[in-house]
Amino acid sequence: MWLMIALSALGCLVVLFLFGRRNERMVRRDWELLLTPKGDRLYRTIENRVQSEMALADLTYEEALSVRELGSMEEARQLIDVGYRVIEKFSPNMLRLLATMATFSRMVSAMAPVQPLRPRDFRIAQIASLAYLNQVLHQFLVSTAERYRLRLYILGRSFGLATRFLLASTRSIVRGEPEADREWDQIQAIREDFRTLTDESMRSLHGLLTSLAAEKRDDLVDRL
Amino acid sequence: MGRIQLAVGYATLTLAAAILVGLVRRGRYRLSWAFVAYLATYLATSGLMAFAPDVFYTRQFWLYKEAALHALKFGIALELAWRTFRAFPGALSTARSTVFVVLALTLIGVLSVPDSREFESIAGGVQPRIVNGTVWLFTSIAAVILWYRVPVNPFHKTLLIGFVPYLLVFTVALQLFATYGFESLAVVNNYAYPLAYLVVLGYWCVAAWRPR
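See below:
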């Protein structure tokens with residue numbers, strides 16, 4: 001009995017600490033965003049911002065490639081470095097967005113069905129492996145909500161991997177290392193995978209919005 | 225009863241009454257009918273023990289009082305869960321399963337105590353299991369709220385946060401009594417957990433009187 005009391009005390013105090021720390025105003029604000037047209041507009045804004053940041057990165061890398069073909073290696077390296085800085089800011093934002101989507105997905109009583117990522121859509125072998133893993137684990141999960149969160153988790157890990165590979169390739173090119181030519185091809189592959197990951201993330205966001213739209217919101221809004 | 229014990233007893237009665245008045249004054253009594261019933265029962269039974277000790281300050285009456293208050297605590301937890309989750313079908317389903325498991329485990333714990341009408345057996349054997357079950361009930365409801373990010377009424381949050389630590393202290397006090405005997409731990413049973421209750425009543429009193 002003493003052991004049970006000790007375990008109870010430990011478990012309960014941890015939960016209580018987390019519960020007490022929760023900012024109720026923020027929770028209510030999140031729910032109000034979700035359940036009103038304001039939330040819809042907010043997420044469209046997010047979508048536009050994400051697409052703009054990806055377009056900026058693409059522009060920088062395209063410019064770097066053009067300049068490299070013209071023979072200005074120094075300028076090409078600088079542009080590659082700038083392109084990496086854009087992705088360096090972009091990637092954490094995507095990870096935060098994916099984490100937020102995972103949290104909100106718990107609030108939905110019925111999630112729209114999702115498809116797992118397709119390995120053939122990715123050029124980087126490690127990211128394709130993660131997509132394979134997604135396909136395998138997808139079969140073991142029963143609820144659409146679990147499958148949705150698995151997809152988000154795989155997307156998050158993939159973004160992390162792609163960012164690390166991009167950093168390694170960028171450093172190699174900027175330092176003028178011997179294998180730099182191969183790194184240019186690697187960067188092309190990583191960019192394509194970033195585009196795919198972003199598109200899949202936006203597809204997941206649309207899935208969340210669709211599921212929220214299907215919720216009976218009136219009584220939830222009244223409760224708030 | 226010692227003077228300090230008496231003073232703590234009167235203080236808890238005063239606070240409980242103040243909470244009831246505050247709930248009515250601020251209109252919060254509608255937020256938890258079970259809590260209102262709990263306070264009223266506590267006032268009635270503890271009042272009888274305080275003001276007519278010759279008749280009511282007995283082990284038997286204390287057992288009846290605690291049984292009623294335990295039942296009402298379960299009622300508070302279940303009402304809180306129903307009010308919080310009723311608009312969230314997914315969370316409600318999980319909460320329902322969790323509550324069922326906790327109640328079932330508590331019942332098994334209680335039934336595992338050897339059948340006895342002795343005060344020590346009930347107070348030291350059955351009661352800690354019921355109180356521990358109540359702790360887990362409140363905690364599991366809090367965990368489901370956290371997991372689903374369900375908005376919770378501030379007063380309900382106050383009830384949850386207040387009950388759990390107090391009930392843990394109460395469980396420890398009862399278990400100490402079961403292990404070492406009631407008389408040998410008079411300090412704990414007569415002062416420690418009533419003081420813990422005084423603190424939690426003070427916390428609820430502030431919440432009950434807070435302007436809306």
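Taken in sequence, the protein lines are chains A and B.
So the first sequence is numbered by this note's numbering: it starts at 1 and just counts up by one.
So the second sequence is numbered by this note's numbering: it starts at 225 and just counts up by one.
Where is the CB? At the ideal position from N, CA and C, for every residue including glycine.
Comparing the C-beta of B/Pro435 with each C-beta of chain A, is any distance below 9 Å?
The sequence position of residue 435 of chain B within the second sequence is 211, counting from 1. Cβ-Cβ to chain A under 9 Å: no for B/Pro435.
Roughly how many whole angstroms lie between the Cα atoms of A/Pro178 and A/Arg171?
Here residue 178 of chain A corresponds to residue number 178 of the first sequence, with the count starting at 1. Here residue 171 of chain A corresponds to residue number 171 of the first sequence, with the count starting at 1. Cα to Cα, A/Pro178 sits roughly 12 Å from A/Arg171.
Are the C-beta of B/Thr330 and some C-beta of chain A separated by less than 9 Å?
For the purposes of this step, residue 330 of chain B is identified with residue 106 of the second sequence, where counting begins at 1. No - not a single Cβ of chain A is within 9 Å of the one on B/Thr330.
Tell me which residues of the segment 341-368 of chain B have at least one Cβ-Cβ distance to chain A shorter than 7 Å, keeping chain order.
Result list: Pro352, Asn356, Val359, Trp360, Thr363, Ala366, Ala367.
Return helix, strand or coil for B/Leu383, following the three-state DSSP convention.
Taking the second sequence and counting its residues from 1, the one referred to as residue 383 of chain B is at position 159. It is helical.
Got a sec? Which residues, its chain only, sit under 7 Å from B/Phe280 by beta carbon, not counting five neighbours each side?
Position 56 of the second sequence, counted from the first residue, corresponds to residue 280 of chain B. Taken in chain order, the residues that qualify are Leu272, Met273.
For B/Tyr404, count the other beta carbons within 10 Å of its own beta carbon; 16 or more makes it buried, fewer makes it exposed. Which is it?
Within the second sequence, numbered from 1, the residue matching residue 404 of chain B stands at position 180. With fewer than 16 other Cβ atoms within 10 Å, it is exposed.
Report yes or no: is there a C-beta of chain B within less than 9 Å of the C-beta of A/Leu224?
Taking the first residue of the first sequence as position 1, residue 224 of chain A is located at position 224. Note that A/Leu224 scores 49 on pLDDT, short of 50, meaning its location in the model is unreliable; the coordinates nonetheless yield the value given after this. By this cut-off, A/Leu224 is an interface position.
Please say whether A/Gly176 and A/Met107 have beta carbons closer to each other than 9 Å?
By one-based count along the first sequence, residue 107 of chain A stands at place 107. By one-based count along the first sequence, residue 176 of chain A stands at place 176. In this structure, A/Gly176 does not lie closer than 9 Å to A/Met107 by Cβ.
Which word fits B/Val260, buried or exposed, when buried means at least 16 other C-beta atoms lie within 10 angstroms of its C-beta?
Position 36 of the second sequence, counting from 1, holds the residue named residue 260 of chain B. Per the 10 Å Cβ criterion, buried.
Would a check of beta-carbon distances place B/Gly314 closer than 9 Å to chain A?
Here residue 314 of chain B refers to the residue found at position 90 when the second sequence is read from its first residue. Yes, B/Gly314 counts as interfacial toward chain A.
With distances taken between CB atoms, is the gap from B/Tyr415 to B/Val232 smaller than 9 Å?
Position 191 of the second sequence, counted from the start, is the residue given in the question as residue 415 of chain B. Position 8 of the second sequence, counted from the start, is the residue given in the question as residue 232 of chain B. Yes, the pair counts as a contact, with Cβ atoms nearer than the cut-off.
If we ignore side chains and look at the alpha-carbon of each, how far apart do B/Thr238 and B/Leu247 end up?
Numbered from 1 along the second sequence, position 14 holds the residue referred to as residue 238 of chain B. Numbered from 1 along the second sequence, position 23 holds the residue referred to as residue 247 of chain B. Distance between the alpha carbons of B/Thr238 and B/Leu247 is about 14 Å.
Classify A/Asp181: buried if its beta carbon has 16 or more other beta carbons within 10 angstroms, exposed otherwise.
As a position in the first sequence, residue 181 of chain A is number 181, starting the count at 1. Exposed.
Taking A/Ser8 as the query, report the chain B residues whose CB atoms sit under 9 Å from its CB, ordered along the chain.
Start at 1 with the first residue of the first sequence, and residue 8 of chain A comes out as number 8. Those within 9 Å of A/Ser8 in chain B are Asn356, Val359, Trp360, Thr363, Leu392, Thr395.
One question on the structure: do A/Arg225 and A/Pro113 come within less than 9 Å of each other, judged by their Cβ atoms?
It is not possible to answer for residue 225 of chain A, since the shown part of chain A is limited to 1 through 224.
Interface residues of chain A around B/Pro378 at Cβ under 9 Å?
Residue 378 of chain B sits at position 154 when you count from the first residue of the second sequence. Going along chain A in sequence order, the residues near B/Pro378 (Cβ under 9 Å) are Glu24.
Nearer than 8 Å: is that true of the beta carbon of A/Ala9 relative to any heavy atom of the ligand GDP?
Among the components of this structure there are no ligands whatsoever, and the ligand GDP is therefore not found.
Select from the segment 70-92 of chain A all residues with a C-beta closer than 9 Å to any C-beta belonging to chain B, and list them in chain order.
none
Can you list, in chain order, the stretches of the alpha helix (DSSP H) that have 4 or more residues and sit fully within the segment 54-121 of chain A?
Every alpha helix (DSSP H) stretch that sits fully inside the segment 54-121 of chain A and reaches 4 residues is listed by chain position as 73-105.
Quick one: does B/Pro389 have its CB under 9 Å from some CB of chain A?
Here residue 389 of chain B refers to the residue found at position 165 when the second sequence is read from its first residue. Taking Cβ atoms only, chain A reaches closer than 9 Å to B/Pro389, which makes this a yes.
Tell me which residues share the same chain as B/Arg249 and place their Cβ nearer than 6 Å to its Cβ, disregarding the 5 neighbours each side in the sequence.
Taking the first residue of the second sequence as position 1, residue 249 of chain B is located at position 25. Nothing meets the Cβ criterion.
Taking only beta-carbon positions, decide if A/Thr103 is within less than 9 Å of chain B.
On the first sequence, residue 103 of chain A is found 103 positions in, with the first residue counted as 1. Judged by the 9 Å Cβ criterion, A/Thr103 is in contact with chain B.
Just checking my contact of A/Leu98 with A/Ile127 at CB under 8 Å: how many whole Å lie between their CB atoms?
Position 98 of the first sequence, counted from the start, is the residue given in the question as residue 98 of chain A. Position 127 of the first sequence, counted from the start, is the residue given in the question as residue 127 of chain A. Their Cβ separation, rounded to whole angstroms, is 15 Å, which puts A/Leu98 and A/Ile127 out of contact at 8 Å.
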